[in-house]
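Here's the structure, in structure tokens; my notes come after.
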Amino acid sequence: MSGHPSRRSARAGVALGAVALGLVALAVVVGPLASAAQGDDATDGAGTALDISYVQTAADGRVSVLLDLGAEQAGPLDDVEVTVDGEPVDADVSQVSGGVDRTIVLALDTSRSMAGARIAAAREAVGAFLDTVPDDVAVGLVSFAGSVEETVAPTTDRDVVRDAVDGLTLSTGTRLYDGVVAAADAAGTDGARSVLLLSDGRDTGARTGGEHDLTGAVAAVQDAGVGLDAVALDQSPADLAKVSALVDAASGTLVDADGTQALADAFEARADALGRQLLVTFARPDDLSDLSQVQLTVSATAGDLAVGDGALVDLRAADDGLAGAVLPAGRSLVTGVGFALGAGALLLGLFLLLVLVLGRSRGPSAAQRTVARYLGETPLTAERPDLRGSAVAVADRFVQKDAGVRLGQRLSGAGIAMTPGEWLLLYAGIAVGAGFLGLVLGGLPMMLLLLLLGAAAPYLFLRLRHGRRLAAFGAQLPETLTMIAGGLSAGLSVPQAIDTVVREGADPMAGELRRALAEHRLGIPVEDALEDVGERMASEDFAWVVMAIRIQREVGGNLAELLDTVAGTLREREYLRRQVRTLSAEGRLSAWILSVLPVLMLAYLMITNREYASFFYTSMWGVATLALSAALLALGVLVMSRLVKVEV
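Residue 984 is where the sequence shown starts when you use this note's numbering, and the numbers rise one by one after that.
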């Protein structure tokens, strides 16, 4: 009993460590989200009626907050309340007429597909936009086709922009991604900046020497910190998905315009949104001047409707090179580093929990259970169930009786000292952990990929280890029979001859025969113990050897001579088996290459040219092609595996 307290202390320490790491992970990952949710409470039922668009802090500590009001917002805001880290501040609310620089850059597609009614509608929509947009908003123009041009730098002179739009000429090509990046750069680095994109086709820059692909454009937009809204004119679902990826990166809106009137409505709606913006100003609290992130919440009432928004912002002065910023709506409020640290802590906590669950139980030993089974008694149980027993019991419920027996035999054959319930628990832990890691690293697609890999890896490991151990067992069998025959010739009994193999042999044969001897010493007949070895190792040859020993015990004869003959036969079969394996090696290698090459090629394309490979999962024809290819590949693998498999 003296060892139990220290063991319990160690297990309790592991449990406390796992719980602590889990709490740290939740604090790092969920904490900022909960903080942001405080600001979101006021928006319940309000949709997107009010959003914090931009925050900047002047050198004198005056904070300016730009608010976007949704199109459904009717009437002025009343009872505007502003809190910083939960503390209310005195704030002034007014229409935007200065104090915050506002810039919007129009990125227009000037490819030949815009000819005719489309370019005319675009010019008309831009004209209406310029007539409606507030006077203090600087408007720039970038056009893109086979090349990208910054036609007009951001300016408040509407006539300059209008004349530039009227003078646009169409040409071949659509360098969409380069145009978006150029527009983001043209917006500058100061104030509230956004881009309004208009395009009617997919990017062709990959074929015409473009500088950016979809991934590069997404990264550039995020690095620039600009908003991006897009109007997609009569685009296919596949092309629309790519534009949507750009817009989502900047937490903007995408309008799928199916005609010229929808195009005009989209531009007018964007101009109206700029006109509805409000400016909230307040003095920054002195005790927050050095904090890089604080929780800013704005709430108000509009008639009977409560509206509000909250965000993590930086209120340090712009003169220090640390301009105030707000994370755009819809983007995660957890930084990549914080999310990675929290995820790592959570995974480590899960690992420690698995160690705790799969650790050695305080229940009866293996010998005690064997004796109890032999005597027909109920096995002893631990004084009280522990976490491991509870978890394994739950896992055992999911293992059917026959499947559990087969899995137990496979685990024994592979030399893994685990029950089916323990293996199932570990299997689920690896799969879920891999899926969570994929979600952290690359979102839903990576989660699905790593979830499949996590589910396949334990199965493949068990199958590989089981197969290798069975092969090693079969290769040792002829030499083992020769050693047993030599012991019998020297006058030893069968158990004594087997004990010689156990002491002088190597695993896995020595380990399996050691187990058989232990069962025999507990009263089980040696033939039955050896038969169990043949079942665990799935060895037909060993089963025939056991049958020969049974027959010899009943009818008599020279068992040593019989075993020598069987050993010689097995050596000849093993020689023939290896010869066949050598002759079929080229076919098996070809089958492996032909089976793996398509998968590796798709993975290579996903890494080097994801835009090109995205056809297979962004369009109906692509998904159908991928499914058909997978089915044909599976059929080919099945046929090739049968062709190169030769039974001896």
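C-beta atoms are modelled at their ideal positions from N, C-alpha and C, and glycine is treated no differently. On a predicted model such as this, the values are computed, not experimentally measured, just so you know.
Residue burial classification, residue i (beta-carbon count within 10 angstroms, cutoff 16)
| i | result |
| --- | --- |
| G1359 | Here the model assigns G1359 a pLDDT of 47, short of 50, so the residue's position is not dependable, and the following value carries that caveat. With fewer than 16 Cβ atoms within 10 Å of its Cβ, G1359 is classed as exposed. |
| P1137 | buried |
| A1104 | buried |
| D1051 | buried |
| I1087 | buried |
| A1610 | exposed |
| A1596 | buried |
| V1038 | buried |
| R1564 | exposed |
| T1608 | exposed |
| R1367 | Because R1367 carries a pLDDT of 44, less than 50, the predicted location of this residue cannot be relied on, and no value is offered for it. |
| M1530 | exposed |
| T1364 | In this prediction, T1364 scores a pLDDT of 47, lower than 50, which makes its location untrustworthy; no coordinate-derived value is stated. |
| Y1160 | buried |
| L1566 | exposed |
| S1094 | buried |
| D1146 | exposed |
| G1418 | buried |
| V1549 | buried |
Proximity below 8 Å, CB of residue i to CB of residue j
| i | j | result |
| --- | --- | --- |
| E1422 | M1430 | Sequence inspection shows Leu at residue 1422; the Glu mentioned does not correspond to that position. Contact: yes. |
| P1268 | E1070 | yes |
| G1293 | L1279 | yes |
| E1495 | V1516 | yes |
| R1519 | S1395 | yes |
| Q1479 | G1488 | no |
| A1158 | G1188 | Note on identity: in this sequence residue 1158 is Arg, with Ala being the wrong assignment. Yes; because the gap between Cβ atoms is below 8 Å, this pair is in contact. |
| P1461 | L1553 | yes |
| E1557 | A1493 | no |
| L1060 | L1261 | yes |
| D1084 | A1175 | yes |
| D1149 | S1177 | no |
| V1277 | D1075 | no |
| L1216 | R1101 | yes |
Same chain, Cβ closer than 8 Å to residue i, five either side skipped, listed in chain order
| i | result |
| --- | --- |
| L1475 | T1483 |
| L1626 | G1570, A1574 |
| A1266 | G1044, R1045, V1046, V1072, D1073 |
| L1453 | G1396, M1520, A1521, S1522 |
| V1622 | none |
| S1624 | A1574 |
| P1581 | S1612, L1616 |
| G1258 | T1115, V1116, P1117 |
| V1144 | L1089, V1109, L1113, V1122, G1123, L1124, V1135, T1138 |
| V1606 | F1599, Y1600 |
Cutoff 7 Å; reference residue i; Cβ partners in own chain excluding five residues on either side
| i | result |
| --- | --- |
| A1254 | F1112, T1115, V1116 |
| L1432 | G1421 |
| A1414 | L1434, G1437, A1438 |
| A1228 | L1197, V1201 |
| S1080 | D1119 |
| V1509 | V1477, P1478, H1503 |
Closest by C-alpha distance to residue i, when choosing among the options
| i | options | result |
| --- | --- | --- |
| E1502 | E1514, L1216, A1249 | E1514 |
| L1151 | A1512, I1534, D1270, S1126 | S1126 |
| A1400 | A1568, G1418, R1498 | R1498 |
| G1193 | G1171, V1164, A1169 | V1164 |
| D1231 | V1204, A1108, P1508 | V1204 |
| S1154 | V1135, A1166, G1129, R1176 | G1129 |
| M1603 | I1035, D1222, D1061 | D1222 |
| M1466 | L1542, T1134, A1613 | L1542 |
| L1409 | A1440, P1428, A1283, V1388 | A1440 |
| T1134 | R1533, H1449, G1162, T1243 | G1162 |
| V1485 | T1463, T1402, S1472, G1506 | T1463 |
| V1226 | L1179, V1263, A1568, S1096 | L1179 |
| L1583 | L1616, V1606, Q1562 | L1616 |
| D1524 | F1456, G1539, L1559 | F1456 |
| L1288 | D1062, D1173, I1035 | D1062 |
| D1490 | S1472, R1451, I1507, G1506 | R1451 |
| A1042 | L1033, G1082, S1077 | G1082 |
Integer Cβ distance of residue i from residue j, believed to fall under 8 Å
| i | j | result |
| --- | --- | --- |
| L1181 | D1092 | 6 Å |
| T1040 | L1298 | 5 Å |
| V1281 | L1246 | Contact doesn't hold; Cβ gap of about 33 Å is too wide. |
| A1233 | V1209 | 6 Å |
| E1064 | A1285 | 13 Å between Cβ atoms; not a contact. |
| S1096 | D1183 | 5 Å |
| R1389 | H1449 | Not really, about 12 Å apart at Cβ, beyond 8 Å. |
| T1402 | G1391 | 7 Å |
Nonlocal neighbours in the same chain, by C-beta distance under 6 Å from residue i, ignoring five residues either side
| i | result |
| --- | --- |
| A1468 | A1543, L1546, D1547 |
C-beta neighbour in chain D for residue i, strict 8 Å
| i | result |
| --- | --- |
| G1099 | This model lacks chain D altogether, as it is built from one protein chain only. |
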